[in-house]
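Down below is the structure, laid out as structure tokens.
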Amino acid sequence: MNEIARTATTVVDRPGATAATRDVVDAFLFRLGIGDFEGASRLFAGDFEWHLSWPADQLGGPVPWIRERRTAGDVASHFATIAQHNTSLHPGTSVDTIVVDGIDAVILGTIRNTLRRSGRAYEARFALHLTVEHGLIQRYSIHEDSLAVALAWFG
Numbered sequence: 003m004n005e006i007a008r009t010a011t012t013v014v015d016r017p018g019a020t021a022a023t024r025d026v027v028d029a030f031l032f033r034l035g036i037g038d039f040e041g042a043s044r045l046f047a048g049d050f051e052w053h054l055s056w057p058a059d060q061l062g063g064p065v066p067w068i069r070e071r072r073t074a075g076d077v078a079s080h081f082a083t084i085a086q087h088n089t090s091l092h093p094g095t096s097v098d099t100i101v102v103d104g105i106d107a108v109i110l111g112t113i114r115n116t117l118r119r120s121g122r123a124y125e126a127r128f129a130l131h132l133t134v135e136h137g138l139i140q141r142y143s144i145h146e147d148s149l150a151v152a153l154a155w156f157g
């Protein structure tokens, strides 16, 4: 994941895009890419919105990183738990497109991992919507191929 922020093949800063939004997105992706989950969590506002594309009744279920997150510590734990339970496949997570429009950014890419628990590989395309206000992430909403994750986890 070291090159996560630099793999984008398309970067679109739409009219009204703010440099501050783009800077936070770049810092967030860079910190994730080097495994600095504490640093990534410090980019979140004290009160933020967290959304995972997973059935609401399954949040907190058997997949350990599928949880509600409410604090910076929760955010760091989220990414650390993913890293603990997965091994990145070559070429790893890639970012294909980043679109910034004002306070909103959308990041499109692919996650490629093997679950350590089952040894099953999976590839999950994702769209991540971040909203940045006052230099901090106010909204984190990820939409990923949760079926690919579930099939790898449950077999």
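In the working numbering, the protein residues as written are 3 to 157.
Positions of the beta carbon are idealized from the N, C-alpha and C atoms, including for glycine.
Given the structure is predicted, the values throughout are model-derived calculations rather than measurements.
Local conformation of residue i per DSSP, three classes
i, result
"Glu5", "Confidence in Glu5 is poor, its pLDDT being 47 and thus under 50, which makes the residue's placement too unreliable to answer from."
"Asp147", "coil"
Buried versus exposed call for residue i [16 or more other C-beta atoms within 10 Å across all chains shown]
i, result
"Thr73", "exposed"
"Leu61", "exposed"
"Gly157", "exposed"
"Gly137", "exposed"
"Ala107", "buried"
"Leu54", "buried"
"Leu31", "buried"
Closest residue to residue i among the options (Cα-Cα distance)
i, options, result
"Arg120", "Val134, Thr112, Val151, Val108", "In the sequence as displayed, the identity of residue 120 is Ser instead of Arg. Considering only alpha carbons, the answer is Val151."
"His145", "Thr133, Trp56, Val65", "Trp56"
"Asp49", "Ala22, Thr112, Thr133, Phe81", "Thr133"
"His131", "Gly94, Asp59, Val27", "Val27"
"Arg122", "Gly41, Trp155, Ile84", "Trp155"
"Tyr142", "Ile100, Pro66, Arg71, Val97", "Arg71"
"Asp59", "Ile68, Thr83, Leu110", "Ile68"
"Arg24", "Gly41, Thr95, Asp103", "Asp103"
"Trp52", "Ile139, Ser148, Leu149", "Ile139"
Are the stretch 104–123 and the stretch 82–93 touching, with three or more C-beta to C-beta distances below 8 Å? Contact between the stretch 104–123 and the stretch 82–93 is present, because at least three Cβ pairs lie under 8 Å.
Unbroken stretches of the beta strand (DSSP E), 3 residues or longer, contained in the stretch 10–98: 12–15, 46–54, 88–90
Should the stretch 75–85 be called in touch with the stretch 40–51, which here means at least 3 C-beta pairs below 8 Å? They touch, by the three-pair rule.
When you compare the stretch 122–133 with the stretch 33–43, are there three or more beta-carbon pairs, one atom per stretch, that lie closer than 8 Å? no
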